[in-house]
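What follows is a set of notes on a single structure, which appears directly below.
In full-length UniProt numbering, the protein residues as written are 1 to 321.
Have a look at this one:
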């Protein structure tokens with residue numbers, strides 16, 4: 001089945017600015033904090049261009065607060081002392097071989113910026129246990145608190161509850177501090193987003209992850225981003241994911257996965273045996289078939305599962321198990 005393409009600019013790379021171009025407005029004067037409003041065109045330029053950029057800008061301040069409470073050295077020590085990480089990519093491959101379907105990464109998510117609260121009766125551990133019972137290969141756990149109402153504590157609680165599925169820390173990572181915090185909290189893998197990270201940062205964060213036993217799922221939105229990631233010298237041992245959500249319009253279109261996988265870069269992914277995940281817009285077994293036929297060996301699914309009253313049954317229905 002072919003999905004009609006509506007997402008424009010598939011081959012254009014989206015670049016996320018890491019900080020406001022004219023600096024953060026908040027200023028300090030002695031014990032008093034106040035804001036100095038920017039004037040003329042600078043005020044408009046200092047506004048985030050999309051939700052991902054807004055999240056990334058917020059992360060810079062959030063990480064500073066974390067670092068004040070817990071120095072990097074302490075977090076790194078906790079990461080190195082954490083129980084051994086499980087094989088995230090291996091679990092996906094094993095599930096796919098067992099079922100003939102893409103390995104499912106089921107997302108533990110309470111809310112999102114676009115949908116608001118998705119599951120008002122949210123219990124991270126119960127949802128994780130239900131996903132595992134339903135046949136999920138791995139779990140993705142949202143840790144962003146402001147925009148997704150997630151937490152690193154949820155990672156720890158799920159791990160401590162005895163869930164055996166490997167865990168992906170779904171955090172908007174821009175610094176090594178977050179990598180080590182993820183490992184210390186019980187993660188087995190992390191998400192890295194190509195639109196956010198230049199090559200130098202991506203290489204560094206992949207190596208930081210490997211140093212504490214974490215695998216990486218590297219997310220792309222466009223052909224240009226995929227080409228850039230395939231050229232990295234640190235890609236060995238990582239998997240890739242195609243997000244079908246347009247960062248400019250926030251619309252979702254499964255045709256994005258098809259178009260990217262049909263490109264020369266997509267064919268290279270297949271030739272090199274890199275596991276590719278389809279992300280966003282997957283709601284039905286027909287959608288699963290679309291991304292599988294495009295060449296994806298994994299799928300990452302959140303909203304369509306977590307909003308169900310019976311997540312275990314929802315997983316089985318999606319995978320037709």
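Just so it is clear, CB atoms sit at the ideal spot from N, CA and C, and this is done for glycine as well. Small disclaimer: the values here were computed from a predicted structure and weren't measured.
- For residue 162, which three-state DSSP category applies? coil
- Query: Under 8 Å between the Cβ atoms of residue 89 and residue 239?
  - Reply: yes
- residue 120 burial status per 10 Å Cβ neighbour count (16 or more: buried): exposed
- Task: For residue 127, collect the residues of the same chain with a Cβ closer than 6 Å to its Cβ; drop the 5 residues on either side in sequence, then sort them by chain order.
- Result: 108 and 311
- Query: Going by alpha carbons, who is nearest to residue 93 out of 299, 308, 306 and 317?
  - Reply: 299
- Item | Same chain only: Cβ atoms within 6 Å of residue 304, ignoring 5 sequence neighbours per side | 283
- Message: Can you tell me whether residue 323 is helix, strand or coil according to DSSP?
- Response: Residue 323 is absent from the model: the chain starts at 1 and stops at 321.
- Query: With DSSP run on the structure shown, which of helix, strand or coil describes residue 65?
  - Reply: helix
- Based on Cα-Cα distance, which residue from 150, 212, 105 and 123 lies nearest to residue 315? 105
- Exposure of residue 321, with buried meaning 16 or more beta-carbon neighbours within 10 Å: exposed
- Message: Is the separation between the beta-carbon of residue 335 and that of residue 241 shorter than 8 Å?
- Response: Residue coverage of the chain in this structure runs from 1 to 321, which leaves residue 335 outside it and unanswerable.
- Item | With 16 other Cβ atoms within 10 Å as the buried cut-off, status of residue 272 | exposed
- Query: Using the beta-carbon count (16 or more within 10 Å), is residue 143 buried or exposed?
  - Reply: buried
- Express the C-alpha separation of residue 168 and residue 83 in angstroms, rounding to a whole number. 15 Å
- Query: Roughly how many angstroms lie between the CA atoms of residue 218 and residue 73, to the nearest whole one?
  - Reply: 26 Å
- For residue 177, which residues of its own chain have a beta-carbon under 8 Å away from its beta-carbon, when the five flanking residues on both sides are left out? 63, 66, 67, 72 and 75
- Between residue 294 and the rest of its own chain, which residues show a CB-CB distance below 6 Å, the 5 nearest in sequence each way excluded? 257, 258 and 261
- Item | N-terminal and C-terminal residue of the alpha helix (DSSP H) that residue 90 is part of | 88-99
- Can you tell which of 146, 211 and 197 has its C-alpha closest to the C-alpha of residue 225? 197
- Proximity below 8 Å, CB of residue 163 to CB of residue 215: no
- Message: Assuming contact is defined by CB atoms lying nearer than 8 Å, are residue 87 and residue 166 in contact in what I supplied?
- Response: yes
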